[in-house]
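A quick write-up on the structure given underneath.
Protein chains: 2
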Amino acid sequence: MSQASKKSRPTMHDVAAKAGVSQMTVSRVLRGEGYFSQDVKTRVADAAKALGYIQNRLASVQRGMENPMIGVVLPTLKNTVFIDVLAGINDTLAEVGMRPVFGVSEYSEAEEETLVRDMLSWQPCGLILSGIEHTDGLRRTVAQSGVRVAEIMDVEGDAISASFGISQQAAGAEMARHFIAQGHRRVAYIGSQGGSDLRALKRYTAFKSELEAEGGCITYERIANRASSMPLGRELTAACLSDVTDCDAIYFSNDDLAAGGLMHCLSNKVSVPHGVALAGFNDLPFLSALPQRITTTHTPRYEIGALAARYVAGADDVPAKRHMLLAELVVGDTT
Amino acid sequence: MSQASKKSRPTMHDVAAKAGVSQMTVSRVLRGEGYFSQDVKTRVADAAKALGYIQNRLASVQRGMENPMIGVVLPTLKNTVFIDVLAGINDTLAEVGMRPVFGVSEYSEAEEETLVRDMLSWQPCGLILSGIEHTDGLRRTVAQSGVRVAEIMDVEGDAISASFGISQQAAGAEMARHFIAQGHRRVAYIGSQGGSDLRALKRYTAFKSELEAEGGCITYERIANRASSMPLGRELTAACLSDVTDCDAIYFSNDDLAAGGLMHCLSNKVSVPHGVALAGFNDLPFLSALPQRITTTHTPRYEIGALAARYVAGADDVPAKRHMLLAELVVGDTT
DNA sequence: CGATAACATGTTTACGTAAACATCTGGTCT
DNA sequence: AGACCAGATGTTTACGTAAACATGTTATCG
Numbered sequence: 126m127s128q129a130s131k132k133s134r135p136t137m138h139d140v141a142a143k144a145g146v147s148q149m150t151v152s153r154v155l156r157g158e159g160y161f162s163q164d165v166k167t168r169v170a171d172a173a174k175a176l177g178y179i180q181n182r183l184a185s186v187q188r189g190m191e192n193p194m195i196g197v198v199l200p201t202l203k204n205t206v207f208i209d210v211l212a213g214i215n216d217t218l219a220e221v222g223m224r225p226v227f228g229v230s231e232y233s234e235a236e237e238e239t240l241v242r243d244m245l246s247w248q249p250c251g252l253i254l255s256g257i258e259h260t261d262g263l264r265r266t267v268a269q270s271g272v273r274v275a276e277i278m279d280v281e282g283d284a285i286s287a288s289f290g291i292s293q294q295a296a297g298a299e300m301a302r303h304f305i306a307q308g309h310r311r312v313a314y315i316g317s318q319g320g321s322d323l324r325a326l327k328r329y330t331a332f333k334s335e336l337e338a339e340g341g342c343i344t345y346e347r348i349a350n351r352a353s354s355m356p357l358g359r360e361l362t363a364a365c366l367s368d369v370t371d372c373d374a375i376y377f378s379n380d381d382l383a384a385g386g387l388m389h390c391l392s393n394k395v396s397v398p399h400g401v402a403l404a405g406f407n408d409l410p411f412l413s414a415l416p417q418r419i420t421t422t423h424t425p426r427y428e429i430g431a432l433a434a435r436y437v438a439g440a441d442d443v444p445a446k447r448h449m450l451l452a453e454l455v456v457g458d459t460t
Numbered sequence: 126m127s128q129a130s131k132k133s134r135p136t137m138h139d140v141a142a143k144a145g146v147s148q149m150t151v152s153r154v155l156r157g158e159g160y161f162s163q164d165v166k167t168r169v170a171d172a173a174k175a176l177g178y179i180q181n182r183l184a185s186v187q188r189g190m191e192n193p194m195i196g197v198v199l200p201t202l203k204n205t206v207f208i209d210v211l212a213g214i215n216d217t218l219a220e221v222g223m224r225p226v227f228g229v230s231e232y233s234e235a236e237e238e239t240l241v242r243d244m245l246s247w248q249p250c251g252l253i254l255s256g257i258e259h260t261d262g263l264r265r266t267v268a269q270s271g272v273r274v275a276e277i278m279d280v281e282g283d284a285i286s287a288s289f290g291i292s293q294q295a296a297g298a299e300m301a302r303h304f305i306a307q308g309h310r311r312v313a314y315i316g317s318q319g320g321s322d323l324r325a326l327k328r329y330t331a332f333k334s335e336l337e338a339e340g341g342c343i344t345y346e347r348i349a350n351r352a353s354s355m356p357l358g359r360e361l362t363a364a365c366l367s368d369v370t371d372c373d374a375i376y377f378s379n380d381d382l383a384a385g386g387l388m389h390c391l392s393n394k395v396s397v398p399h400g401v402a403l404a405g406f407n408d409l410p411f412l413s414a415l416p417q418r419i420t421t422t423h424t425p426r427y428e429i430g431a432l433a434a435r436y437v438a439g440a441d442d443v444p445a446k447r448h449m450l451l452a453e454l455v456v457g458d459t460t
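Each protein sequence line maps, in turn, to chains U and V. Letter by letter, the first sequence follows residues 126 to 460 in the numbering used here. Letter by letter, the second sequence follows residues 126 to 460 in the numbering used here.
Laid out in structure tokens, this is it:
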């Protein structure tokens, strides 16, 4: 072990001693506060660099400064959507020198509450939560903590303070109208996550009621318990098409599943969309590389993350309110 | 604003007052240390719950406790590989009550150094860095800080203390031997990230020299500056196949690109692997949903993250050494 | 039966930083 | 010339927690 292993890291006092000034002077010089001679500034900077001084933020925050740290709770890392959201969050926070600490709830509200409590112990200045349904305990905890809270993805429901997302209901209903307009009446629905993905459920509910209102019907419904993936979509589509023979179209809860469905159709010479139309959700980038464009709804995932991050970071041009971003229908190839 | 917005969160003193004991008793009871009457335990627990007390870890860490926080620096979030690594890290840390704070370096060593310095200001008990090439400043900084450091993905080079990954060179060379065995001699290479992905470069270098040693040759080489993606792979493959007509096989720096290449071939009636063989890297799950299996190298990404996390979390059964995990060749469909 | 150990609690202090509150110059203004 | 203020620096203190060091009170043991 080197000599540094046991010795604690250099503090402002060490820097001060080396520079021949007081600790307070070091604190001020490093923060660029107050008036100092060029000589002192240089001595402090040199001493800090020579010792490899790194600020101890725990002490600063303890003393009352804001902690540039944001707790982020995502339901899963297995879905690209949340990765995009995370990228938006991270990029935006990085711009203002903040960092995310994060946790994965696996779509469990109880786990989310535990995670939030854990994160609050580091006194972060904000939290970003997924979805808008939370336990009462969590609501009480964050209310008391006084940190800024952003809820993302979903805006339909009772938000804590600011929510950033799209209207899941509008997206589902729009897809139903598109199906009807394309002449699809007999529709199958394929989902994943065993119904714990509340946003997919909201889309589906709105989709179904709009479809039925317009004269269509759901002829098949399958929500698998596994996590969403292309292979799962392929498998479920195979099962669906062998179970029901007269289905015009399949609405998948997301693009992974839909792309898997397309792969099944390609391999089994089922024409898309004439044999069966497929629609997903999210408009993931890899769709554009598939042999054929399928219908989907574009979701502004990165923007949702970025905007939520701006809010919790304290940007004053992002008010605490319901921010409903635009989710646009993307129509697939019809050849 | 509610009355809680200005008032600071309850402390151990508040809990102690409510329970009618001293702050120290609260500290001990909550940590389950020392002996206490059932009565006191109950009173403290009730008071803590009633006030919604949450521990202030900043104070604990400041006082000398270990901070259950790990700084994680990844080169990008645009590559699924790092998401899998992150999942392994997160799951493993969560098991022992630790959380990752993280940053993205965009493949820049300078940015990585900045990020590490920033993270160290929170006194984390460990760091997970990507790759094994780092600036001297970073090496000095982490050495002085005394935190545990794990380097992931890459094991070829001079590690700080513990490295977890696969042999990029062996993977590249193995693929070259596979190409030769399959009769492919004239090979194209398609990469991305403009050469800043040092691991891809190591694979390619080993691949090329092994290929040439066995009588093959590189007839085309294109490393695009953009981030890796299926659409990019499709585009580059189209360009490649229109530029060189006599190429037997294409080695892509990863599966996204290779899958994009496959999509190009499918859409343009180029038979795979007879017209041109395609090989990627990583064995991403979505490959199994494609119409055809392409050759790739399976990388234990999740395991790398999990093992590195175990190490930095302080597991004593993970020694500080070079951990070389197995990367297995996965042969694609030959039909 | 005095000593020792296990129980059950409290007091003081330190961690590293920054706000609040001093000083002490040397000009500037009236 | 006295007042006043910007420049340039230092001292004290508090943030919330837990280790170190008390101080009792009961059992327990030889």
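All residues carry an ideal CB built from backbone N, CA and C; glycine is no exception.
Rounded to a whole number of angstroms, what is the C-alpha to C-alpha distance between residue i and residue j?
{"i": "residue 462 of chain U", "j": "residue 203 of chain V", "result": "Residue 462 of chain U is absent from the structure shown; chain U starts at 126 and stops at 460."}
{"i": "residue 154 of chain U", "j": "residue 239 of chain V", "result": "20 Å"}
{"i": "residue 230 of chain U", "j": "residue 449 of chain V", "result": "31 Å"}
{"i": "residue 387 of chain U", "j": "residue 394 of chain U", "result": "10 Å"}
{"i": "residue 143 of chain V", "j": "residue 261 of chain U", "result": "24 Å"}
{"i": "residue 257 of chain U", "j": "residue 201 of chain U", "result": "16 Å"}
{"i": "residue 186 of chain U", "j": "residue 434 of chain U", "result": "20 Å"}
{"i": "residue 169 of chain V", "j": "residue 360 of chain U", "result": "54 Å"}
{"i": "residue 408 of chain V", "j": "residue 276 of chain U", "result": "34 Å"}
{"i": "residue 335 of chain U", "j": "residue 235 of chain U", "result": "33 Å"}
{"i": "residue 134 of chain V", "j": "residue 172 of chain V", "result": "14 Å"}
{"i": "residue 344 of chain V", "j": "residue 333 of chain V", "result": "11 Å"}
{"i": "residue 356 of chain U", "j": "residue 429 of chain U", "result": "28 Å"}
{"i": "residue 368 of chain U", "j": "residue 213 of chain U", "result": "41 Å"}
{"i": "residue 381 of chain U", "j": "residue 421 of chain U", "result": "11 Å"}
{"i": "residue 304 of chain U", "j": "residue 179 of chain V", "result": "51 Å"}
{"i": "residue 271 of chain V", "j": "residue 446 of chain V", "result": "17 Å"}
{"i": "residue 451 of chain V", "j": "residue 291 of chain V", "result": "6 Å"}
Please classify residue i as buried or exposed, where buried requires at least 16 neighbouring CB atoms within 10 angstroms.
{"i": "residue 266 of chain V", "result": "buried"}
{"i": "residue 150 of chain V", "result": "buried"}
{"i": "residue 370 of chain U", "result": "exposed"}
{"i": "residue 324 of chain V", "result": "buried"}
{"i": "residue 353 of chain U", "result": "buried"}
{"i": "residue 341 of chain V", "result": "buried"}
{"i": "residue 378 of chain U", "result": "buried"}
{"i": "residue 399 of chain V", "result": "exposed"}
{"i": "residue 128 of chain U", "result": "Caution is warranted here: a pLDDT of 31 is assigned to residue 128 of chain U, below 50, making its placement in the model unreliable, and no coordinate value can be reported."}
{"i": "residue 425 of chain U", "result": "buried"}
{"i": "residue 237 of chain V", "result": "buried"}
{"i": "residue 163 of chain V", "result": "exposed"}
{"i": "residue 217 of chain U", "result": "buried"}
{"i": "residue 432 of chain V", "result": "buried"}
{"i": "residue 461 of chain U", "result": "Because chain U spans 126 through 460 in this model, residue 461 of chain U falls outside it and cannot be assessed."}
{"i": "residue 362 of chain V", "result": "buried"}
{"i": "residue 211 of chain U", "result": "buried"}
{"i": "residue 299 of chain V", "result": "buried"}
{"i": "residue 193 of chain V", "result": "buried"}
{"i": "residue 137 of chain V", "result": "buried"}
Check the C-beta distance from residue i over to residue j and give it rounded, since I have them as a contact under 8 Å.
{"i": "residue 248 of chain U", "j": "residue 183 of chain V", "result": "6 Å"}
{"i": "residue 365 of chain V", "j": "residue 315 of chain V", "result": "6 Å"}
{"i": "residue 209 of chain V", "j": "residue 436 of chain V", "result": "Between residue 436 of chain V and residue 209 of chain V the Cβ distance is about 18 Å, and since that is not below 8 Å, they are no contact."}
{"i": "residue 207 of chain U", "j": "residue 328 of chain U", "result": "In fact, because the Cβ distance is near 16 Å, the residues do not count as touching under 8 Å."}
Could you tell me if the beta carbon of residue i falls within a distance shorter than 6 Å of some heavy atom in the ligand FMN?
{"i": "residue 351 of chain V", "result": "What this structure holds is no ligand at all, so the ligand FMN is not there to describe."}
Self-check item: Residues within the stretch 236-250 of chain V neighbouring chain U, beta-carbon criterion of under 8 Å
Solution: Flagged, chain order: 242, 243, 244, 245, 246, 247, 248.
Quiz prompt | Members of the stretch 374-398 of chain V that neighbour chain U once the beta carbon cut-off is set at 8 Å | solution = Those residues of the stretch 374-398 of chain V that come within reach of chain U (Cβ to Cβ, closer than 8 Å) are 381, 384, 385, 388, 391, 392.
Quiz item: What residues from the stretch 409-432 of chain V come within 8 Å of chain U, judged by C-beta to C-beta, listed N to C?
Solution: Result list: 410, 411, 413, 414, 415, 416.
Quiz item: Residues in the stretch 260-275 of chain V with C-beta within 7 Å of chain U's C-beta atoms, listed in sequence order?
Solution: Those would be 265, 266, 268, 269, 270, 271, in chain order.
Exercise. For the stretch 302-345 of chain U, list the alpha helix (DSSP H) runs that are entirely contained and at least 4 residues long, ordered along the chain.
Key: Considered as a whole, the stretch 302-345 of chain U harbours 323-338 as its complete alpha helix (DSSP H) runs of no fewer than 4 residues, in chain order.
Exercise. Please name the residues in the stretch 281-296 of chain U whose beta-carbon is closer than 8 Å to at least one beta-carbon of chain V, in chain order.
Key: Those residues of the stretch 281-296 of chain U placed with their C-beta closer than 8 Å to a C-beta in chain V do not exist.
Quiz item: Taking a cut of 7 Å between CB atoms, which residues from the stretch 144-178 of chain U lie near chain V?
Solution: Those residues of the stretch 144-178 of chain U that come within reach of chain V (Cβ to Cβ, closer than 7 Å) are 177.
Quiz item: At a Cβ cut of 8 Å, what residues of the stretch 318-343 of chain V count as close to chain U, listed as they run along the chain?
Solution: For chain U, none of the residues of the stretch 318-343 of chain V brings a beta carbon within less than 8 Å of one of its beta carbons.
Practice problem: Could you tell me which uninterrupted alpha helix (DSSP H) segments, each at least 4 residues in length, are contained entirely in the stretch 172-235 of chain U, listed from first to last along the chain? | Solution: The stretch 172-235 of chain U contains these whole alpha helix (DSSP H) runs: 182-187, 205-220.
Quiz item: Which whole runs of the alpha helix (DSSP H) in the stretch 229-293 of chain U are 4 residues long or more, in chain order?
Solution: The qualifying runs are 234-245, 261-270.
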